[in-house]
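Heads up: the structure comes next, in structure tokens.
There are 2 protein chains.
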Amino acid sequence: MVPTPPYYAVIFTSTRTDVEDGYAEMDAVLERLAKDAPGFLGLEAARKEDGFGVTVSYWESENAIAAWKANVDHLAAQARGRTDWYSAYKVRIAKVEREYEFSKGKDEV
Amino acid sequence: MVPTPPYYAVIFTSTRTDVEDGYAEMDAVLERLAKDAPGFLGLEAARKEDGFGVTVSYWESENAIAAWKANVDHLAAQARGRTDWYSAYKVRIAKVEREYEFSKGKDEV
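See below:
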């Protein structure tokens with residue numbers, strides 16, 4: 130994924146309940162759907178053993194984020210997330226202004 | 130942590146090497162130093178078993194981020210990170226424009 134700033138990031142931090150039913154399936158389906166969504170640029174996620182996770186998805190525009198939020202399958206997952214899978218979450222919409230990276234064997238760029 | 134947008138987020142995604150020497154100590158020291166740094170608002174992080182992690186720190190301004198990047202202890206950690214602890218990382222500086230959250234027993238706000 131090599132977009133050039135500016136683009137948008139949705140920072141989703143969440144705490145899982147201990148309800149496993151349906152979660153892994155939803156996660157897989159939603160990731161596949163997001164990849165086909167207009168304006169989707171990429172997704173990075175990590176979760177700790179204690180249930181706290183950070184997921185950042187990247188988007189071309191705020192319109193793309195709004196459309197994904199209103200996607201019917203995503204809406205169903207959001208509702209189920211509040212009922213079953215998450216005890217709390219926070220969503221931040223942010224504009225990525227600049228970036229740099231390091232990779233072993235290459236200089237920081 | 131309850132800042133009101135706009136504020137800034139530094140999205141640090143990284144892949145760990147298998148070098149453990151000094152890493153946990155650096156992580157603890159750096160988190161403590163960051164908390165005392167001017168303009169620091171908070172930090173959220175998660176890492177998977179495979180070594181991939183997402184750390185997001187929140188800051189009042191771009192100046193606060195620049196000052197933290199140039200902190201001498203932090204600079205030493207960055208150098209050691211490139212030599213020893215990380216095979217790759219990416220840093221994105223983003224402006225948080227809006228946010229909302231959910232917590233069990235409360236409505237989404």
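Quick note, the sequences are listed as chains A and B, same order. Just remember that the numbering used here sits 129 ahead of the position in the first sequence, which is counted from 1. Just remember that the numbering used here sits 129 ahead of the position in the second sequence, which is counted from 1. Using N, Cα and C, we set each Cβ at its ideal position, and we do this for glycine too.
Look at the region 222–238 of chain A: the residues with a C-beta under 8 Å from a C-beta of chain B are Ile222, Ala223, Lys224, Val225, Glu226, Arg227, Glu228, Tyr229, Glu230, Phe231, Ser232, Lys233 and Glu237.
Interface residue (Cβ-Cβ distance to chain B less than 8 Å): A:Gly168 is not classified as such.
Of all alpha-carbon atoms in B:Thr184, B:Ile222 and B:Ala205, the one lying nearest the alpha-carbon of B:Ile194 is that of B:Ile222. Looking only at B:Tyr229, B:Trp214, B:Thr184 and B:Ala166, the smallest Cα-Cα distance to B:Asp150 is reached by B:Trp214. Within the region 170–181 of chain B, the residues whose Cβ lies closer than 8 Å to some Cβ of chain A are Glu173, Ala174, Ala175, Arg176, Lys177 and Phe181, listed in chain order. The DSSP-derived three-state label of A:Val148 is coil. A Cβ-Cβ contact shorter than 8 Å links B:Ala175 with A:Arg176. Under the DSSP assignment, A:Lys198 falls in the alpha helix (DSSP H) whose first and last residues are Glu191 to Ala199. Taking B:Asp202 as the centre and dropping the five residues before and after it, the same chain places the C-beta of Val158, Leu159 and Leu162 closer than 8 Å to its C-beta, in chain order. Take the alpha-carbon of B:Gly168 and the one of A:Ser232: they are about 29 Å apart.
Close to B:Lys219, with beta-carbon spacing below 7 Å, are these residues of chain A in chain order: Glu228 and Glu230.
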